[in-house]
Amino acid sequence: MRIIMAAIVAATLAAPALAAGPEHMTGTVRVQTADLDLSTVAGQRALDRRLAMAMVRLCGTPVFFSRDELAELDACKAEASKAAAAQINAAHARQAVAVAARQ
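Okay, so the sequence shown: first residue is 0 according to numbering that gives the first Met the number 0, each after it adds one.
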């Protein structure tokens with residue numbers, strides 16, 4: 000029986016809105032993980048790609064690549080990674096426990 004993990008990894012954070020100036024927004028991006036086998040390299044790479052796409056949706060992309068925009072983008076991505084790390088680690092742990100239980 001295939002492991003059914005939590006359906007989402009959500010990164011919720013206060014991220015600078017690159018296009019909106021100094022105002023801050025709160026964003027949530029949901030990343031599907033139930034279909035991934037995180038014990039494999041392929042599953043981990045697929046999760047990394049999904050997280051990268053989610054960060055682009057959440058943090059945006061700089062329009063003119065000014066230093067300020069790049070700094071805000073880097074800060075947003077760092078904060079998103081930090082916010083998602085605990086959830087990603089928990090997903091790995093749940094899958095490892097389920098695999099051990101099947102043996």
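All C-beta atoms in this analysis are idealised placements derived from N, C-alpha and C, irrespective of residue type, glycine included.
Run of the alpha helix (DSSP H) containing residue i, from where it starts to where it stops
i, result
"valine 55", "40-58"
Rounded straight-line distance, which links the Cα of residue j to that of residue i
i, j, result
"glutamate 71", "alanine 33", "31 Å"
"glycine 42", "leucine 57", "22 Å"
"glutamine 86", "aspartate 67", "30 Å"
"lysine 81", "aspartate 36", "22 Å"
"arginine 49", "glutamine 31", "8 Å"
CB contact check: residue i to chain D, cutoff 8 Å
i, result
"arginine 44", "The structure shown contains no chain D; it is built from a single protein chain."
Buried versus exposed call for residue i [16 or more other C-beta atoms within 10 Å across all chains shown]
i, result
"alanine 74", "exposed"
"methionine 54", "buried"
"alanine 92", "exposed"
"histidine 84", "The sequence as given places alanine at residue 84; histidine does not occur at that position. Per the 10 Å Cβ criterion, exposed."
"valine 28", "buried"
"leucine 69", "exposed"
"alanine 51", "exposed"
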